[in-house]
Amino acid sequence: SINSENLSSGIGLLVVRAAELAAKGESAEAIFKQIEEAKKRVDASFVLNQLEFLHKGGRCSGVAALGANLLKLKPCIEVHEGKMKVGKKYRGAYEKCALEYVHDRLEGNDNVESDIIFITWTGVDAHLLKEIEKEKMKNTYIKQFSKTGESDFYIENIKINSELPFMPVSEINKLRREL
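According to the working numbering, the sequence shown is numbered sequentially starting from 11.
Here it is as structure tokens:
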């Protein structure tokens with residue numbers, strides 16, 4: 011078995027890669043080795059609107075959660091070697107922070123395998139999704155945008171989900187070419 015050392019769509023990247031290798035006829039041993047190597051290159055992160063669930067899960071103190079909420083801090087949580095760590099802290103309204111997060115994670119990022127990138131949104135309104143679409147279109151490796159269905163958006167080879175109806179969270183997961 012493989013410990014993905016990831017979460018959510020970061021695991022999805024590895025599953026898709028494993029399925030592609032299996033479809034090419036690779037052996038289970040070869041797939042295992044390639045996924046073990048690929049998991050080190052997954053760039054997984056997310057931005058939270060509030061710290062309530064981190065506090066309830068024991069990942070931050072009540073004082074830290076209260077302070078972050080009062081100051082309108084939206085932390086970017088990054089997954090490194092199976093552990094979640096705080097990255098950049100965004101400040102302001104969630105919509106502004108989410109757009110800045112998308113820009114930061116996608117702009118000028120030439121060390122990314124662009125065959126598949128997952129961008130997942132939960133609890134985000136339609137207006138913000140349209141703004142995110144505009145921001146993504148600024149990236150040179152994103153060529154085309156098409157919408158299918160009510161809640162799923164696709165940008166060429168990039169799938170954006172916005173189907174879960176709870177607290178706003180923004181997540182981007184991609185595979186780096188090199189460590």
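Note that beta-carbon positions come from the ideal geometry of N, C-alpha and C, so glycine has one too. Since we're looking at a predicted model, the values are computed, not measured.
Alpha carbon to alpha carbon, what distance is there between S19 and T130? 8 Å
Span of the beta strand (DSSP E) holding E88? L83 to H90
Through-space distance from K95 to N16, alpha-carbon basis: 12 Å
If you reduce the DSSP assignment to three classes, tell me which class S19 lands in. helix
From A38, F63 and A108, residue whose alpha carbon lies closest to that of V57: The alpha carbon of V57 has as its nearest neighbour, out of A38, F63 and A108, the alpha carbon of A108.
Do you know offhand how far K144's Cα is from V112's? When only Cα atoms are considered, K144 and V112 end up about 10 Å apart.
What's the gap between the Cα of V25 and the Cα of A78? 35 Å
Based on the DSSP secondary-structure assignment, which residues constitute the bridge partners of A108? The partner list for A108 (beta bridge, DSSP) is empty, contrary to what the question assumes.
From L23 to G102, what does the alpha carbon distance come to, in whole angstroms? 31 Å
Note down, in chain order, each residue of its chain lying with its Cβ closer than 7 Å to the Cβ of I45, except the 5 sequence neighbours on either side. I12, L24, R27 and A28
Can you tell which of D53, I41, L31 and S71 has its C-alpha closest to the C-alpha of V122? D53
If I'm right that D114 touches K98 with Cβ under 8 Å, what's the distance once you round it to whole angstroms? 7 Å
What does the Cβ neighbour count give for L83, buried or exposed, with the cut at 16 atoms within 10 Å? Sixteen is the threshold: when 16 or more other Cβ atoms of the shown chains lie within 10 Å of the Cβ of L83, as they do, the residue is buried.
Could you check where the beta strand (DSSP E) with A54 kicks off and where it finishes? Its beta strand (DSSP E) spans residues V52 to L58.
Please state the DSSP three-state secondary structure of I12. Note: I12 maps to coil in three-state DSSP.
Where do the N-terminal and C-terminal ends of the alpha helix (DSSP H) with K66 fall, by residue? E62 to K66
For G97, the three-state DSSP class (helix, strand or coil): strand
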